[in-house]
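Structure first, then comments.
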Amino acid sequence: MAFGTDPDGTHRYRATATWSGSTGAGYDGFTRAHRITAPPAQAALELSNDPSLGGDASRLDPEQLVLAAASSCQLLSFLAIAARARIDVTGYRDDAEATMSHDEGPARIAAIVLRPRITVAPGPGVPRVERLVHLAHQECYVANSLATPVTVEPTVTFSM
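Add 278 to the 1-based position in the sequence shown for our numbering, that's all there is to it.
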C-alpha cells in the first residue's frame, strides 16, 4: 500500500536510507553497508555496493533492487490480470537478468530481461496466456517508469 494517496489518486511513497561510518580513510576504507526503510512496511533492507565496487556480497545492491522491482511488478501485474480473466495460475518463477553497461556515457543498467515460467491449470491456450503476459508488461508501473528497456520472454506450461 502506498504511503499515502492524494485526493486526486496520486500515490506517494517514502524511503529512508541510513549509513554511518567514516570516509576519512579514502575510497577503499569505508563501509558500503547501509539500511533502507520504507514505512509503513516494518521490514528493512540491508544493502551494500556490488562487490566489484567494494561492497558486501552477502547484501543486495541497488542494481539488484531495480531488477527485483521490475520482476516483482511484472509478476503482480500478471497475477492480477490472470485472476480477472479467471485463469488459474498455479506457479510463477522469473529468472530475470539485468546487464550493466559502461560503454557510452555514465554507467547504467542497459537492459532487463524477464523470463517468467508460468504454470496454469488446463483451459486457456498458450497464446491467450502470452497475451495476458504482454498486457501485464504494458501495465507494469516499474517497467513504465524505467528508461531501460525491459523485455519479457515467457514460457507457459500446464499443471496436471
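Cβ atoms here follow ideal geometry from the backbone N, Cα and C, with glycine treated the same way.
Given the structure is predicted, the values throughout are model-derived calculations rather than measurements.
Given a cut-off of 8 Å, decide if residue j and residue i are closer than it, judged by their beta-carbon atoms.
i, j, result
"Ala388", "Thr435", "no"
"Gln352", "Cys418", "yes"
"Leu410", "Ala360", "yes"
"Ala374", "Val398", "no"
For residue i, does the count of other Cβ atoms within 10 angstroms reach 16, so buried, or fall short, so exposed?
i, result
"Ser355", "buried"
"Ser349", "buried"
"Asp286", "exposed"
"Pro236", "The structure shown does not extend to residue 236, since the chain is modelled only from 279 to 438, so the question has no answer here."
"Asp372", "buried"
"Leu331", "exposed"
Taking 6 Å as the limit between beta carbons, can you name the residues of its chain near residue i, skipping five residues before and five after?
i, result
"Thr377", "Ala388 and Ala389"
For residue i, list the residues DSSP reports as bridge partners.
i, result
"Glu431", "BP columns for Glu431 are empty, so no partner."
"Leu345", "DSSP lists no partner for Leu345."
"Ser379", "Arg386"
"Thr397", "Gly369 and Thr435"
"Val391", "Glu375 and Thr429"
"Glu324", "Arg313"
Which value, in whole angstroms, describes the spacing of the CA atoms of residue i and residue j?
i, j, result
"Arg310", "Asp366", "43 Å"
"Val344", "Phe308", "24 Å"
"Ser300", "Pro317", "27 Å"
Spatial neighbours of residue i within its chain, please: CB distance less than 7 Å, with the 5 preceding and 5 following residues excluded, ordered by chain position.
i, result
"Leu338", "Leu323 and Leu325"
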